[in-house]
Each structure stands twice: as C-alpha cells, then as structure tokens.
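Positions in the sequence shown are counted from 1; adding 861 to them yields our numbering. Every residue, glycine too, gets a C-beta built ideally from N, C-alpha and C.
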Amino acid sequence: MHKEHFNDEEWKRLEHFNPPYGWMGTNYTEVKQAVELIPRPKEQKVLLSPKRNDGCIRCAAVGNGGILNGSRKGAEIDSHDYIFRVNGAVIKGFEDDVGVRTSFYVHTAQTMLSSLGDYKEGFTNVPMDKEIKYIMVTEDMRDYQWLRALLLNTTVSRGPYLEMRPRSYFGTDFTPEKYLVAHPDFNRYIKNRFLKSKTVEGIDWAIYRPTTGAFALLLALHLCDVVDAYGYITEDYAKYPDHYYDKTKTKTVFYGNHDYALEIKEWKKLHDTKIMNLYQGR
C-alpha cells in the first residue's frame, strides 16, 4: 500500500471491512494522514531477479517455532535469495539453527513491541541488516498512529503508543522507502482464500486474523518462485517448545484471535501439494 491508494472512494469501500482487512472502526483523518505518507515504491517488483542460472527466486519464511531448536538449518536458510522473519526473531545464540540474514521483517506495531518486551534477553532490537525491508500488517487504529509517527520521525500524538518515537526502534539507516505496508485487500484475500476460519461465523468474528507468521509465509508464496518454510506449526507441535529460543520446554500458547488448527492443516496441504516445502523436523 502507498500514498496513491487513499481517496474517498477507497475509504468508502474499505470501511466495510474490519482491520486488518479494511478500515472499519478507524478514524478517516488519521488513516489518511498515515497512508498519504507511505512512499510509492520506485521499483514495481519487490524482489529482484537472482543471479542463479535457473532464474528462480528462492525464499525462506522463518517462523519462531520450537521445531527449529537444534535443527542446524541456519546455513540452509541463509542460502536463499530472500529471507522473511517475524516478530521475536532471535538470532544471537541460534545462528546454527536459524541463520543470520534477514531480507524482510514482518510485524504489527504490537507484535514488534511485545516481542521486544517479552524476549528482551535475546531479541534486543529489530533486524537491521543493510538489505532489509520492513513489512507492516495494520491490524488496528494504533498501527496507523504508529505508522504516521514513524514516517514523520516524530512521537505518536495519540492512542496507546502516545509519546513513543517509533523511529528509535529501527536504527540510523532507516528510510521510509524501506518500510512497506500490506494492503488491506491482500490481507483479506489471504484470509478468504487460504485461512477462512469458522471463527468468522461466530460472535468472535471481529477479532480473528491469521498469525503474523501466516501473513509472512503467504506473502513469500506470492512473491517468490520457490518457498521453504521453517519454524511453522506442524501436527506434532506438542513435541517442541513454543519457540526455538525458549530455555525450557514450554507449552505452545494458542491465542483466541488465531486459528492454529487451520494453519496446521493449510501448511501441510501446501507442503503435500508441493507448493512449498515445510520443515517438519529431523
């Protein structure tokens, strides 16, 4: 999404869908102020063609699942043309298992800040590789408030992040051109085409959304020719700790706004049909 995607007609269309699928319940002025700051990308293609002879763009989508602990998949992950990571993407101390490179860091304001707080011993800052671009999924009004302050390099003027300075989290090399925002239409397509949970048929319809990792993986599948998924939830998830960086074996936490059973089925289906390769342990 960029500044040319906001106008009154688009507002009227998208206000019928709740975030992250639209702008229902958000403030017109605040959304407008944020979206109109997003630069139009200079290149139409997000990914440049690889140097390899076959011409295929190969990507790794790296989740944070405990299945990666002891996997020794780091070098394999780093061998891809592009690498997608999400949320609390702890690298230090786990290089052999998860690699060191990051091309895209996918997050919401809340998942990023929660990760920095919850996993502060290992996740001390968001990835800041020179090649990196950041991809935001806007799941609430607070994301647009955060986004505006980030792009203006100022403090947040209202909402739950009041007085916070988003730019301080992204290092000195940050530029607005490095920051991409997933369009609500794409988010809604992901839900309707791949992860349409029965939750949307009940009283909790408004809170359901795919996990941030799901957005990252499905984004990679739409941008890349070949996708290998690591650290994503599998049928035998109970064998592993919640995250690969957990110091003890912790039970996987299922949050009510996600449908983990559906994601397990979808990742297996995409693997079995050879649309992607899902790492399922040794």
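Lys893 sits in a helix when the DSSP states are folded into three classes. For Ala1090, the secondary structure class from DSSP, reduced to helix, strand or coil, is strand. Contact between the segment 1018 to 1038 and the segment 995 to 1007 is established, with three or more Cβ pairs separated by less than 8 Å. By the neighbour-count criterion, in which a residue is buried when 16 or more other Cβ atoms sit within 10 angstroms of its Cβ, Ala1067 is exposed.
Going by C-alpha positions, Val961 is about 20 Å away from Leu909.
Glu1124 sits away from Leu1079, with the two beta carbons spaced by 8 Å or more. Under the criterion of beta carbons closer than 8 Å, Ser976 and Phe984 qualify as touching, at roughly 5 Å. It is roughly 6 Å from the alpha-carbon of Lys994 to the alpha-carbon of Tyr1040. For the alpha helix (DSSP H) assignment, the uninterrupted runs of no fewer than 4 residues enclosed by the segment 947 to 1016 are, from N- to C-terminal side, 956 to 959, 970 to 979, 1002 to 1013. When only Cα atoms are considered, Gln894 and Arg874 end up about 18 Å apart. Where Arg1054 is concerned, there is no enclosing beta strand (DSSP E), although the alpha helix (DSSP H) around it starts and stops at 1045 to 1054.
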